[in-house]
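S.K.:
Number of protein chains: 6
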Amino acid sequence: MRILIVNPNTTASMTEKAAAAARAVAAAGTEIIAATSRMGPVSIEGHYDGALAIPGLLTELKERQEAGYDAAIVACFDDTGLDAARTFADVPVLGLCESAVATAGFLAQRFTVVTTLERSRVLIDNLVRRYGMGSRAKVRASDIPVLELEDAASGAIDKLKAEIERALSEDGAEAIVLGCAGMTDLARELQDVYRVPVIDGVAAAVKQAEALVSLGLSTSKRGSYASPLPKHFMGAMSGFAPIRAAG
Amino acid sequence: MRILIVNPNTTASMTEKAAAAARAVAAAGTEIIAATSRMGPVSIEGHYDGALAIPGLLTELKERQEAGYDAAIVACFDDTGLDAARTFADVPVLGLCESAVATAGFLAQRFTVVTTLERSRVLIDNLVRRYGMGSRAKVRASDIPVLELEDAASGAIDKLKAEIERALSEDGAEAIVLGCAGMTDLARELQDVYRVPVIDGVAAAVKQAEALVSLGLSTSKRGSYASPLPKHFMGAMSGFAPIRAAG
Amino acid sequence: MRILIVNPNTTASMTEKAAAAARAVAAAGTEIIAATSRMGPVSIEGHYDGALAIPGLLTELKERQEAGYDAAIVACFDDTGLDAARTFADVPVLGLCESAVATAGFLAQRFTVVTTLERSRVLIDNLVRRYGMGSRAKVRASDIPVLELEDAASGAIDKLKAEIERALSEDGAEAIVLGCAGMTDLARELQDVYRVPVIDGVAAAVKQAEALVSLGLSTSKRGSYASPLPKHFMGAMSGFAPIRAAG
Amino acid sequence: MRILIVNPNTTASMTEKAAAAARAVAAAGTEIIAATSRMGPVSIEGHYDGALAIPGLLTELKERQEAGYDAAIVACFDDTGLDAARTFADVPVLGLCESAVATAGFLAQRFTVVTTLERSRVLIDNLVRRYGMGSRAKVRASDIPVLELEDAASGAIDKLKAEIERALSEDGAEAIVLGCAGMTDLARELQDVYRVPVIDGVAAAVKQAEALVSLGLSTSKRGSYASPLPKHFMGAMSGFAPIRAAG
Amino acid sequence: MRILIVNPNTTASMTEKAAAAARAVAAAGTEIIAATSRMGPVSIEGHYDGALAIPGLLTELKERQEAGYDAAIVACFDDTGLDAARTFADVPVLGLCESAVATAGFLAQRFTVVTTLERSRVLIDNLVRRYGMGSRAKVRASDIPVLELEDAASGAIDKLKAEIERALSEDGAEAIVLGCAGMTDLARELQDVYRVPVIDGVAAAVKQAEALVSLGLSTSKRGSYASPLPKHFMGAMSGFAPIRAAG
Amino acid sequence: MRILIVNPNTTASMTEKAAAAARAVAAAGTEIIAATSRMGPVSIEGHYDGALAIPGLLTELKERQEAGYDAAIVACFDDTGLDAARTFADVPVLGLCESAVATAGFLAQRFTVVTTLERSRVLIDNLVRRYGMGSRAKVRASDIPVLELEDAASGAIDKLKAEIERALSEDGAEAIVLGCAGMTDLARELQDVYRVPVIDGVAAAVKQAEALVSLGLSTSKRGSYASPLPKHFMGAMSGFAPIRAAG
């Protein structure tokens, strides 16, 4: 089984961190293929960055089709472009937020997502509500720019810990979801410190991808995720025109 | 007052239709500037088309900043890229779906949105729920490809009328919202036939744009719509890198 | 275009303040006609005051029909009698709360309404939920009796500012809605201080009224807002008996 | 224990029917005092009628205070003026809709309310949602004008039965709530026919009133139902000015 | 009328307290029959205890059928086994939480439930949401083990009072619901202290049981509470096999 | 990895079918241990059967602890006793309904659960709402007694197919969830027929169990699933008394 993990931002060190986290939990027969977007923002912080990361994401999904993959993961906690990717692909596509909150739901009745900047908090809260967890999950921002997570000296981990402690004492959180792909290497350590489940989206998404593939399930092509209709795409986007018939 | 209407698909005839609808309702001092995206799909049907229309939309918003506009409208009922556009712009940005359902809410307690294809129905239903109208509005698809609305001989209007009649008899609809920018020229005629309010998103958005500008209100730059943070954008997207400081 | 603003309480100074706010934002061709209820409470604080303000409101709507108006506004943030007014009138009727929260929804994903007394807080929270903004808006009371807003020496503005500051720091509010018609003159000043959108219901309702009239839209007379059925009204209310056939 | 039942419309035959239904279920020591509003519409069909029934309702509540009552019931399924009555009174006040749907909730997980006209359907659906039963209860209209229920030859009962049958077959209703005070005499007969619980609001409200009184519970005077603040009421409403200090 | 109150835990002193509270509010003709489960946990704190209390509850309901009862109450605030009991019995069955929150809903628009341990808080919050009160009621834990309520020297009442005070000051609670059967003797005293309605589930359930019986209403046997289908039960549970035909 | 699947009804043929389905999808290193409850109903149809199946379920979980298992699955689509099992166990516990609807959520935006009898429909609908899928999923009953699924000549499959066809044409379902453990062998065949994802709860739960174990995640012992407090259990339930200290 080959799982393609696409980092929709262009920072290769974050891809490597996510790939390492993925490989650490992948099953014996699973090959993790990591791709970094080659066009778009160096980090995804808010709606503008996210929207402009989608062409790069879709490009990776498309160009790697020939080599083949059995499932894909969008390695950003905002689930950037997830709906578009599911519409495009014939294989299952997983997002970090959706995978992580579904996983948390099996472990705890109430939990808190701790993300980076305030500008991402409402965006993720909207996702959590759309995924049906609005009455079970709270979202908190810890005031950490995404790229500070790549810098051990930034103090980012202390801010993150402080916010987790507030979630436990003020929210009655029974579990913690780490709300940024850049936090993926911290889950195990934080779980040991706080002795509650700490869920990382990269790891959660890998296991969901493996699950869907081994169950022979893929995105429904009936209704809202039906394959793109064949049509012209103009100008700089012309390369994205679908070439096959709609499902 | 100058209002920029961007058609995020690349079909100029739809832009013209929307511009005409906008000018028909614009106040005396309002100038409507119509722009057609120069990159992306010729029509927006589903998540894939929508995501790939956003760079073209943002390009128009950016390139026309120098000439200046006081508000912008995204002329697609899927509210394609609306969050990104609000994050980008310093002026108010309106979407057709959000404007139309807010307008319908002042006129009716229960209403139905009639859109084109099934693949757009769930997408719009998600928007309607996010905008808080989930318990008041139903969304129906009338099985019309978007570009058939440009062809008088396509039978599209008969399909649309049949679906409106079902909405009135089965949903208890008190008003109808036309769920595609390509239907903008039909609102007045359908209102005369069915004698219930028929709301067109283009017209609704023009009035909301005028309202916000004349009230001196613009998108909040605190929280989820804060201006893009300055950062590098790579590759084909490098032109989108924000150059000003964050709000 | 003639817009009738009815203050459903009997305090003329509040009517004047609302009329001034309305005229300040009205379009060139819009005439604002201000009316003060001649029967009922001097201010509306809670359910009892509100219910007993409705006959006075409907009287103004009725008696001014002959002179004519194209839309009406109920100038109380509780949206007092709004449903009854919409059922009665053949022209669009707007409420302050509904207009303000719809307007806020175009500017911010999360916002806070700051009202006067605790007894109005839950009433407005119920409105906000009915209008579909329950997951996006919080309602706060600032412990100000309505008529203190008419008295510059009362300290009311300081209490209001303190509550706005709590909304910004504790709620993550991206915009503020002023939850009382008596605050209408403060919006611009507060927006300058706090640098987030501050929405006043009177101004918002004027623009929505103008929008509906210029779009040729009025309240649906199918379903819940169908015109009153012709029937006898007894005793002191006999003057309210509808005289036309139902819609 | 003395329970005051106020019919907020002015049709005495409906009052008598409600009083008979109340007396049929009242406990041994309960005295039912029936009052018919002396001002307002002869039947309540929609928002306009309802709003103008409130002064008559409050007048009965007030004028009968000297004689005394331990609880009051608003005998209209729209719960007309219920919030105002609770704010006014020092004793518990019950509405038919709220009492009936709470009672149905103890008997069935899913149920249907069958009311009269379409114009009342949405109004009652809004109440049902406010009372928290939106995901458990459906509301249907049976196209019966209220006063036809007073006329045995009108065919109203056949229409009502047809709608109940649709509720059972199409909604999966486990119980039926009769959505009009004028249907109060039909509950037992319909329950015998359809062998599911059939709940009448008058009877339900009497038992809730007895319950609250015997438990020593009354409306909270903290927050949204705090007693009216002392203030002037002008003109034809001056008699409604509160004379006591606020709670 | 005979009302059976079953304490689903095995602590007889709690049964006696509940029976005394029930008798204190029962109508003249109501006989309260108190039963203590003879199998299961000595107190119910969380899901495990609750699930294992159900066979004992159902045993009491079954064995006392021959002597006869007109309604039954499950005397635990977790509404332990309520759905199963309603499916089993031919008479109405009431739970404390459902009865108490419905009663609170007649008295206050916003209220707080104060329960014992954190492990019960989410469980009760889930019930409150299922009963439709999620947007009106908050649930708080006061960190009191259930059996400490039986011990006057435990300091439990002080903890309970402190939590009520937080509910009043922080939640804007207009009424308080006591969230444990073991608090039943404290309601009147706390109501006197805090001067807001304080609702005890035992008392509320007794009045609801009396109401349903006197209205001739019982659990619907159509749909989700249909009588158990006749079938074999194996092993230690064989005595629970239904012997009658399904409803 | 050892996964214990407990069939909470006592019909061994259903256990075998579930075990076969589990083994068909289990990863290479996963051992499936199947257990049939030795006490309780032969099938679970409704609340009564479900409640009385829990002691048998917990007995299997307890007695097999010594031999050891890394995760457990409750093999009934009603998620019978799932909360109690999670409270009891130190390893992850999965339910079929929760696993299946989470899985469906990765594949489709709207889907339908098709279950057996009407009495199970509302019960499952309540679960679906609790799991946050209420606005995305519809639940349908196909009028099949559970044990008819064990009898190839019963016509059960035809009824099931007819209901799936209604789901596709009337609900706009993009995927189908099979709402009974007894349907587990039909998923692949039905997916081939209808060409939409068909999700079986047993298979979904196995993959979720494997996922949680390999991620080192288990049920949170903070809050609502905290380990049972040590206490006496009386009578026939005395064997269930927890012997370890609470978490």
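Protein chains in written order, with the UniProt record's numbering: chain A, 1 to 247; chain B, 1 to 247; chain C, 1 to 247; chain D, 1 to 247; chain E, 1 to 247; chain F, 1 to 247.
Where is the CB? At the ideal position from N, CA and C, for every residue including glycine.
1) Using C-beta distances below 6 Å, list every residue in its chain close to LEU212(D), excluding the 5 sequence neighbours before and after it, in chain order.
2) Starting from residue 250(B), follow the alpha helix (DSSP H) in both directions and report where the run begins and ends.
3) Taking only the alpha-carbon atoms, compute the straight-line gap between ILE176(B) and LYS161(A) and give it to the nearest angstrom.
4) So, for ALA22(B): in the same chain, excluding its five sequence neighbours on each side, which residues have a beta-carbon less than 6 Å away from its beta-carbon?
5) Can you give me the start and stop residues for the beta strand (DSSP E) that GLU31(B) sits inside?
6) Can you give me the C-alpha to C-alpha distance between ARG110(F) and GLN191(C), rounded to a whole angstrom?
7) Can you tell me where the beta strand (DSSP E) with LYS138(B) in it begins and where it stops?
8) My assumption, with CB atoms under 8 Å, is that ILE124(F) sits in contact with THR115(F). Please give the rounded CB distance.
9) With a cut-off of 8 Å on the beta carbons, I'd call GLY46(C) and ALA89(D) a contact; round off their distance for me.
10) For VAL42(E) and chain F, any beta-carbon pair shorter than 7 Å?
11) Please check if any C-beta of chain F sits within less than 7 Å of the C-beta of GLN208(D).
12) VAL74(E) by DSSP, collapsed to three states: which one?
13) Would you grab the beta carbon distance between THR184(F) and LYS17(F) for me? Rounded to a whole angstrom, and I think it's under 8 Å.
14) Are there three or more Cβ pairs, one per stretch, closer than 8 Å when the segment 129-146 of chain B is compared with the segment 94-106 of chain B?
15) Which same chain residues end up closer than 7 Å to LEU52(B) when comparing Cβ atoms and leaving out the 5 residues on each side of it in sequence?
16) Please report whether the beta-carbon of residue 248(B) lies at a distance below 7 Å from any beta-carbon of chain D.
17) Of all Cβ atoms in chain C, is any one closer than 7 Å to the Cβ of VAL196(A)?
18) Is it true that the CB of SER154(E) sits closer than 7 Å to the CB of GLU148(E)?
19) So which of VAL193(E), GLY223(E), MET14(E) and ASP200(E) has the shortest CA-CA distance to PRO197(D)?
20) Taking Cβ-Cβ distances shorter than 8 Å, what residues in chain A pair up with VAL193(F)?
21) Hey, out of PRO230(D), SER120(D) and ALA173(D), whose CA is closest to LYS221(E)'s CA?
22) Closer than 9 Å, Cβ to any Cβ of chain B: which residues of the segment 216-240 of chain A, in chain order?
23) Any beta carbon of chain C sitting closer than 7 Å to that of MET1(B)?
24) From LEU217(D), GLU189(D) and ASP200(D), pick the residue whose C-alpha is nearest to that of PHE106(E); which is it?
25) Pull up the distance between the alpha-carbon of residue 256(E) and that of ASP151(E), whole angstroms please.
26) Let's see if you can read the secondary structure: which residues bound the beta strand (DSSP E) around ILE199(B)?
27) Spatial neighbours of ARG2(B) within its chain, please: CB distance less than 7 Å, with the 5 preceding and 5 following residues excluded, ordered by chain position.
28) State yes or no: is the beta carbon of ILE164(B) nearer than 7 Å to at least one beta carbon in chain A?
29) For the beta strand (DSSP E) that contains GLY95(F), what are its first and last residues?
30) Between PRO8(A) and LEU58(A), is the Cβ-Cβ spacing less than 7 Å?
31) Please tell me whether VAL122(C) has its Cβ less than 7 Å away from any Cβ of chain E.
32) Identify, in the order they occur along the chain, each residue of the same chain with its Cβ nearer than 8 Å to the Cβ of residue 329(B), setting aside the five sequence neighbours on each side.
33) Restricting to Cα atoms, I'd like to know which of LEU229(A), GLU170(A), ALA104(A) and VAL122(A) is closest to residue 250(A).
34) For a quick check, are the C-beta atoms of ALA75(F) and ALA181(F) less than 7 Å apart?
35) Based on DSSP bridge pairs, tell me the residues matched to PRO41(E).
36) Tell me whether GLU174(F), by its Cβ, gets closer than 6 Å to a heavy atom of the ligand HEM.
M.R.: With the given structure in hand:
1) If we look at LEU212(D) and ignore the five residues flanking it on each side, its Cβ neighbours are PRO92.
2) Limits of chain B in this structure are 1 at one end and 247 at the other, which puts residue 250(B) out of reach.
3) Between ILE176(B) and LYS161(A), the C-alpha separation is close to 50 Å.
4) Counting only Cβ-Cβ distances below 6 Å, and skipping sequence neighbours, we find ILE5, ILE32, VAL202 and VAL206.
5) Its beta strand (DSSP E) spans residues 31-36.
6) Here the C-alpha atom of ARG110(F) lies approximately 42 Å from the C-alpha atom of GLN191(C).
7) In this chain, the beta strand (DSSP E) harbouring LYS138(B) covers 137-141.
8) ILE124(F) to THR115(F), Cβ: 5 Å. Contact.
9) GLY46(C) to ALA89(D), Cβ: 13 Å. No contact.
10) Answer yes: the Cβ-Cβ gap between VAL42(E) and chain F drops below 7 Å somewhere.
11) Using a Cβ-Cβ cut-off of 7 Å, GLN208(D) does not count as an interface residue toward chain F, since no Cβ of chain F sits closer than that to its own.
12) Residue state, collapsed to three classes: strand.
13) Taking 8 Å as the upper bound for CB-CB distance, THR184(F) and LYS17(F) are in contact here, some 6 Å apart.
14) These segments touch.
15) The beta carbon of LEU52(B) sits closer than 7 Å to the beta carbons of GLY40 and PRO41 from its chain, once the five residues preceding and following it are set aside; these are given in chain order.
16) This structure does not reach residue 248(B), given that chain B is present from 1 up to 247, and the question cannot be answered.
17) No, its Cβ sits nowhere closer than 7 Å to a Cβ of chain C.
18) Going by C-beta atoms, GLU148(E) is nearer than 7 Å to SER154(E).
19) Minimum Cα distance to PRO197(D) is reached at GLY223(E).
20) Those within 8 Å of VAL193(F) in chain A number zero; the least Cβ separation is about 13 Å.
21) Across the set PRO230(D), SER120(D) and ALA173(D), the C-alpha of ALA173(D) shows the shortest separation from the C-alpha of LYS221(E).
22) Hits within the stretch, in order: ARG222, GLY223, SER224, TYR225, ALA226, SER227, PRO228, LEU229, LYS231, HIS232, PHE233, MET234, GLY235, ALA236, MET237, SER238 and PHE240.
23) For MET1(B), the answer is no, since every Cβ of chain C falls outside 7 Å of its Cβ.
24) Ranked by Cα distance from PHE106(E), the options LEU217(D), GLU189(D) and ASP200(D) are led by LEU217(D).
25) Since the displayed chain E opens at 1 and closes at 247, residue 256(E) lies outside it and no answer follows.
26) Start and end: 198-200.
27) Contacts found: GLU31, ILE33, GLY68, TYR69 and ASP70.
28) Output row for ILE164(B): interface = no.
29) Its beta strand (DSSP E) spans residues 93-95.
30) Not in contact: PRO8(A) and LEU58(A) (Cβ atoms no closer than 7 Å).
31) Yes - at least one Cβ of chain E is within 7 Å of the one on VAL122(C).
32) Because chain B here runs from 1 to 247, residue 329(B) falls outside it and cannot be looked at.
33) Lying outside 1 to 247, the shown extent of chain A, residue 250(A) is not represented and no answer is given.
34) Their beta carbons are under 7 Å apart, which means ALA75(F) touches ALA181(F) by this criterion.
35) DSSP lists PHE233(F) as the beta-bridge partner residues of PRO41(E).
36) The ligand HEM is not among the ligands present in this structure, which contains no ligands whatsoever.
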